[in-house]
Amino acid sequence: MILFIFFLSGASSLAYEIVWTRLLGLAVGHTTFALTAVLAAFMGGLAAGSGFFGRRLERGADPLRLYAALEGAIALVSLAFPVQLLLVNTLSAHVGRLLQAGTFRLGVARFALAALAVTPATFLMGGTLPAMVAVLAKRRAGGLARHAGLLYAINTAGAVCGATAAGFVLIERLGTFETTWVAAAGNLVGAVTAWVIAGRNAAIPSSDKAFRVTEQQGRPTPVADDPLRPGMPAQPDPPDPTGHAIDEVSRARATRSVLWGYALAGSAALSLEVVWTRALVFFSGSTTYAFTSMLVMFLSGITLGSAVATPFVDRLRRPASWFAAAQAVLALSAAASLRFLRLSTPVIDAFLPPDRSWMTLVGGNFAKAAAAMGVPTVLMGIAFPIAVRLVRGSPREHTRAAGRILGNLYAANTAGAIFGVALTGLVLVPMLGVSRTLLVASLVSVAAGILVVLVNERSPTTPVTILAAATLGSVLLTAGGGALHVPAGSERLVFYEEGMSATVSVLQEVTGTRTIYIDRVPVAGTDSIMLTDQKSLAHVPMLLNPEARRALTVGFGSGGASWSFSRYRSLDRIDCVEIDPSVFHAARHLDASNHAVWRDPRFNLILEDARNYLASTDATYDVISTDCTDLRYKSNANLYTTDYFSLCRRRLRPRGVVTVWMPLGGLGGDTFRLALRTFRSVFPHTTVWYMTNQPTHYLLLVGSDRTVDVDLARIADKMADPAVRADLAEVRLDDPMKLAASLLLDEHETERLADQGALNSDRHPLLEFEAPRLAYREALLTNLRATAAAREGGPGLARWRGPSSLLAALIPYIASTPSLIEGHARYQQGTFDYASALRLYRAAARANRDDRSIPLLIADVEHTREAWLNEFAARTADGSHDVRDWLAYSTLLGQVGRTPDAIAAARRATELDASSAEAQVKLAATLTAAGETGAAAALLNRARQAGLNDPIILTDLGAALNEQEQFTQAAAVLRQSLAVSPNAVDA
1 MILFIFFLSG ASSLAYEIVW TRLLGLAVGH TTFALTAVLA AFMGGLAAGS GFFGRRLERG
61 ADPLRLYAAL EGAIALVSLA FPVQLLLVNT LSAHVGRLLQ AGTFRLGVAR FALAALAVTP
121 ATFLMGGTLP AMVAVLAKRR AGGLARHAGL LYAINTAGAV CGATAAGFVL IERLGTFETT
181 WVAAAGNLVG AVTAWVIAGR NAAIPSSDKA FRVTEQQGRP TPVADDPLRP GMPAQPDPPD
241 PTGHAIDEVS RARATRSVLW GYALAGSAAL SLEVVWTRAL VFFSGSTTYA FTSMLVMFLS
301 GITLGSAVAT PFVDRLRRPA SWFAAAQAVL ALSAAASLRF LRLSTPVIDA FLPPDRSWMT
361 LVGGNFAKAA AAMGVPTVLM GIAFPIAVRL VRGSPREHTR AAGRILGNLY AANTAGAIFG
421 VALTGLVLVP MLGVSRTLLV ASLVSVAAGI LVVLVNERSP TTPVTILAAA TLGSVLLTAG
481 GGALHVPAGS ERLVFYEEGM SATVSVLQEV TGTRTIYIDR VPVAGTDSIM LTDQKSLAHV
541 PMLLNPEARR ALTVGFGSGG ASWSFSRYRS LDRIDCVEID PSVFHAARHL DASNHAVWRD
601 PRFNLILEDA RNYLASTDAT YDVISTDCTD LRYKSNANLY TTDYFSLCRR RLRPRGVVTV
661 WMPLGGLGGD TFRLALRTFR SVFPHTTVWY MTNQPTHYLL LVGSDRTVDV DLARIADKMA
721 DPAVRADLAE VRLDDPMKLA ASLLLDEHET ERLADQGALN SDRHPLLEFE APRLAYREAL
781 LTNLRATAAA REGGPGLARW RGPSSLLAAL IPYIASTPSL IEGHARYQQG TFDYASALRL
841 YRAAARANRD DRSIPLLIAD VEHTREAWLN EFAARTADGS HDVRDWLAYS TLLGQVGRTP
901 DAIAAARRAT ELDASSAEAQ VKLAATLTAA GETGAAAALL NRARQAGLND PIILTDLGAA
961 LNEQEQFTQA AAVLRQSLAV SPNAVDA
């Protein structure tokens with residue numbers, strides 16, 4: 001029962017850490033300084049509590065009653081966290097007004113605020129391990145290292161479960177505060193149980209507590225049960241770990257060496273965790289599930305290591321040498337971790353394709369995390385019981401000082417961890433990069449082993465030799481690590497910087513266009529679609545609010561939105577808040593987008609977390625534009641909550657306009673409406689805009705404190721300004737009617753589409769958890785079509801105001817919009833089906849001969865098709881073994897009338913992977929296009945008989961049989977398709 005309540009304690013602690021780090025990040029900012037301050041405050045409390053309560057236990061405090069009191073106090077303090085958070089939010093806003101963003105003083109102030117919130121609880125948490133170790137040590141005369149190792153493994157196993165439950169279930173289903181309540185309930189259960197057990201033990205004579213009676217020299221002798229072998233007597237106290245008798249001065253020196261060595265080990269461990277987190281986002285993505293997977297695997301490795309080492313630790317004849325060996329292997333495996341991750345990722349993705357389902361995505365995340373950190377973290381866990389064995393003191397002070405010994409060791413390790421995480425995030429990664437920082441962390445592990453073995457071993461030659469070899473191996477394994485972002489195909493890396501918060505890179509395509517990536521996520525660039533994205537974020541709100549004098553853009557990206565704002569002479573100030581300086585450092589490589597906007601005296605860059613800035617500034621704005629990326633990525637969803645939108649509204653002047661970039665992809669129908677509904681809950685006067693000049697993948701949500709008139713005359717007048725018109729001409733939006741027709745839904749239609757339901761908030765962060773579960777492209781098509789459908793039956797020209805001549809000129813633009821939207825949907829499918837998109841674009845051109853952008857769009861798509869045809873021709877000519885290359889090549893060949901070549905390419909795809917349903921369907925489709933319906937049906941039938949009961953194969957087979965007028969067989973196959981997949985709409 002004691003082990004179970006300590007398991008609960010670990011689960012509750014990790015749930016607290018996840019929730020509190022999340023909420024405090026929102027309160028004090030998500031900059032590296034702020035997040036480091038939060039983590040340092042959390043771990044600092046643990047270190048202080050461990051040392052303090054360890055000393056209390058040595059003075060004679062009842063360990064089990066102390067443990068019960070600690071657990072109860074943790075629960076009570078944690079339940080008060082919402083009040084503490086409210087205080088931190090208030091103080092953080094005041095501090096932000098007084099101190100300049102990015103300064104050291106602000107970092108210190110935020111550390112103090114984080115400490116104010118978490119230290120009371122974490123100080124108490126720090127005392128639980130020493131207290132529980134003292135509980136077990138009091139029941140027997142030996143085996144402190146075994147007890148400590150067992151408890152550490154149990155507690156960390158609880159932490160694994162707590163992190164998994166909080167990160168995958170509780171926060172999404174219950175909410176952040178509610179997750180804290182569940183964790184507090186775990187503490188209360190532990191407190192009550194421990195208190196009851198302590199009371200029962202108090203009723204038993206002390207000589208009989210937890211002891212069995214054996215006969216020794218004719219007298220009954222109390223003998224403790226071994227917790228690792230219930231019913232068996234405990235092992236006698238192990239010999240001195242040094243292997244020889246030493247005096248108290250030498251013992252103290254040896255103990256200090258272990259404390260310092262274990263502090264170095266803690267520093268290396270947290271440094272490695274930071275490095276792995278930075279690296280894994282390039283292979284697993286940066287969803288909330290990816291980060292939870294990393295944390296769970298880190299803790300799981302430690303749990304396994306401690307559990308494996310604990311049964312053997314008291315039998316080790318030379319524990320210092322074993323500690324050194326563990327550090328040596330840890331250093332080597334850590335140094336090799338990035339290389340192994342790069343090698344294993346293609347294999348993992350082949351078995352667990354991340355785009356197949358949410359389960360394979362998460363499974364792949366766990367597998368990649370295990371590949372990177374599995375071996376090193378197991379060795380971290382092994383080191384703990386060995387370190388306890390080394391510092392346990394003399395046998396006679398074993399029981400009396402158990403709490404102090406564990407408290408000091410845990411405090412030293414945690415203090416080292418604080419130093420490691422701060423140094424790595426703030427100094428090492430920005431200065432050295434991830435690969436070299438990995439080397440530094442590995443060498444620190446080696447140093448920990450050297451320090452311990454030199455002081456605690458009489459003959460350290462062998463372990464020192466091993467550590468020296470580990471040093472050389474670490475250097476060799478990390479040499480030539482290179483950039484995390486490796487260009488693909490014809491791409492060229494023109495900028496790369498591993499900054500404090502993220503890794504920023506700029507890649508150039510063969511066409512000359514450039515894209516800026518943050519942790520491998522494309523955020524902005526110079527191609528026409530991304531330029532449309534950035535320019536529309538500035539021009540749409542400015543044309544709707546012509547009297548605007550002050551504008552704020554959230555996120556610098558490539559600087560395109562800031563540049564477009566600068567085209568309006570009416571603006572007196574253009575502020576841009578950007579969290580990562582590295583993004584701005586990349587700006588000179590994206591001049592085609594930003595045109596060196598920083599030279600404009602009105603432009604002001606603010607390096608700060610956007611939410612923190614809005615909460616602390618006194619500035620107000622006429623226009624606020626938020627430019628984010630895909631909502632599936634962890635931090636972006638924080639800018640789509642009612643809390644964030646409320647901050648925007650408070651900083652908005654009367655008649656001001658807030659514009660938010662919202663992706664169409666990665667959001668299921670309900671989740672898409674949730675995001676829309678959340679914005680609308682703060683801005684009831686919301687309209688939805690969609691740019692049709694390019695096959696864009698996003699919407700603009702435009703909100704205000706009152707109805708915003710779309711005045712055609714005013715738009716035309718503002719666009720007559722040469723600077724404004726020239727900027728819009730770069731993306732073919734310089735026609736006032738074209739831009740005005742981008743208004744897709746008015747206020748009433750938006751309200752109808754948003755519907756009623758839950759909202760996304762800091763307390764209930766639904767979007768962050770729901771978005772990563774969905775396939776990106778399928779959701780994009782569904783949401784785009786659903787938004788367009790919401791326009792049907794609307795008030796027509798009532799959306800716009802203006803003279804009759806302008807309203808009449810707008811009609812053909814409105815008429816061509818449905819064809820353009822559906823064409824964009826086909827284009828965005830990602831199947832290289834350009835023929836369908838071109839057919840719809842040509843229909844739009846016939847409906848609106850005034851739109852000069854459509855013929856250019858058609859030419860662009862034809863050029864894109866030709867470019868991809870040449871690309872896949874080159875790949876297949878080089879003997880590509882990637883089925884996807886041959887399938888894409890077959891699709892493109894069929895579109896340009898090269899049917900025999902299309903059949904040959906599809907046949908090659910089936911030869912490469914006979915189990916690929918997609919390849920079988922593609923070959924059948926090309927045969928059908930060539931008029932060989934019978935051959936197509938026979939092929940699909942063979943695939944079905946071979947066990948490929950894919951609903952697509954069955955549906956296509958049914959269609960082929962129907963073409964051959966084999967109606968009975970067709971109906972049977974289609975029924976089978978529906979049985980396999982009830983949602984197979986085509987069947």
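Quick note, the sequence shown lines up with residues 1 to 987 if you use the working numbering. No residue lacks a Cβ here, since even glycine has one placed at the ideal position from N, Cα and C.
Three-state secondary structure (DSSP) at residue i?
| i | result |
| --- | --- |
| Y698 | strand |
| G143 | coil |
| T515 | strand |
| S505 | strand |
| R212 | Only weak support exists for where R212 lies, its pLDDT of 39 falling under 50; the coordinates are left without a value. |
| E932 | coil |
| A328 | helix |
| S394 | Only weak support exists for where S394 lies, its pLDDT of 48 falling under 50; the value from the coordinates is given anyway. Coil, per DSSP. |
| S490 | coil |
| Y16 | helix |
| Y640 | coil |
| G897 | coil |
| A245 | With a pLDDT of only 49 at A245, under the threshold of 50, the placement of this residue in the model should not be trusted; the figure read from the coordinates follows. Of the three classes helix, strand and coil, the one that applies to A245 here is coil, per DSSP. |
| V710 | coil |
| R1036 | Nothing about residue 1036 can be read from this structure; the chain reaches only from 1 to 987. |
Is the beta carbon of residue j closer than 8 Å to that of residue i?
| i | j | result |
| --- | --- | --- |
| R649 | V682 | yes |
| A675 | L664 | no |
| P130 | L406 | yes |
| A524 | G499 | no |
| A936 | T928 | yes |
| I302 | M380 | yes |
| G25 | L35 | yes |
| L299 | V486 | no |
| L753 | L745 | yes |
| D673 | D755 | First, the amino acid is wrong: residue 673 is Arg here, not Asp. Yes, these two residues count as a Cβ contact at 8 Å. |
| V724 | D519 | no |
| L70 | T128 | yes |
| T310 | L150 | yes |
| L162 | G51 | The sequence shown places Gly at residue 162, rather than the Leu named in the question. Contact: no. |
| F603 | S646 | no |
How many whole angstroms separate the CB atoms of residue i and residue j, which I take to be in contact at a CB cut-off of 8 Å?
| i | j | result |
| --- | --- | --- |
| A637 | L767 | 4 Å |
| L571 | A548 | 6 Å |
| G261 | A448 | 4 Å |
| A1031 | A470 | Because residue 1031 is not part of the residues shown, which for the chain are 1 to 987, the question remains open. |
| A561 | L544 | Going by Cβ atoms, the distance from A561 to L544 rounds to 15 Å, so no, they are not a contact pair. |
| V453 | A334 | With a Cβ gap of about 19 Å, V453 and A334 do not count as contacting. |
| A389 | P319 | According to the sequence displayed, residue 389 carries Arg and not Ala. About 5 Å; that satisfies the 8 Å criterion. |
_Ordered list of alpha helix (DSSP H) runs contained in the region 553-612, each at least 4 residues_ = 560-565, 581-585 and 591-594
*Does the count of Cβ pairs from the region 693-702 and the region 800-814 closer than 8 Å reach three?*
no
*Give a yes or no on contact between the region 462-469 and the region 407-422, applying the rule of three or more CB pairs nearer than 8 Å.*
no
*3 or more residues per run - each beta strand (DSSP E) lying fully within the region 662-698*: 685-689
*Does the region 588-595 come close enough to the region 524-534 that 3 or more CB-CB pairs lie under 8 Å?*
yes
_Contained alpha helix (DSSP H) runs [length at least 4] in the region 862-889, N- to C-terminal order_ = none
*asked:* Any contact between the region 707-719 and the region 505-516? By contact I mean 3 or more CB pairs, one from each, below 8 Å.
replied: no
*Taking one C-beta from the region 779-786 and one from the region 183-190 each time, how about it: are there three or more such pairs within less than 8 Å?*
no
_I'd like to know if the region 425-432 and the region 264-275 are in contact, where contact means that at least 3 CB-CB pairs between them fall below 8 Å._
yes
*asked:* Check whether the region 727-741 and the region 597-615 touch, using three or more Cβ-Cβ pairs below 8 Å as the test.
replied: no
*Okay, do the region 601-609 and the region 640-647 touch, 3+ Cβ pairs below 8 Å being the bar?*
no
*Sufficient close CB pairs (3 or more, under 8 Å) joining the region 871-889 to the region 905-915*: yes
*Per the contact definition of three or more C-beta pairs closer than 8 Å, is the region 475-484 in contact with the region 284-293?*
no
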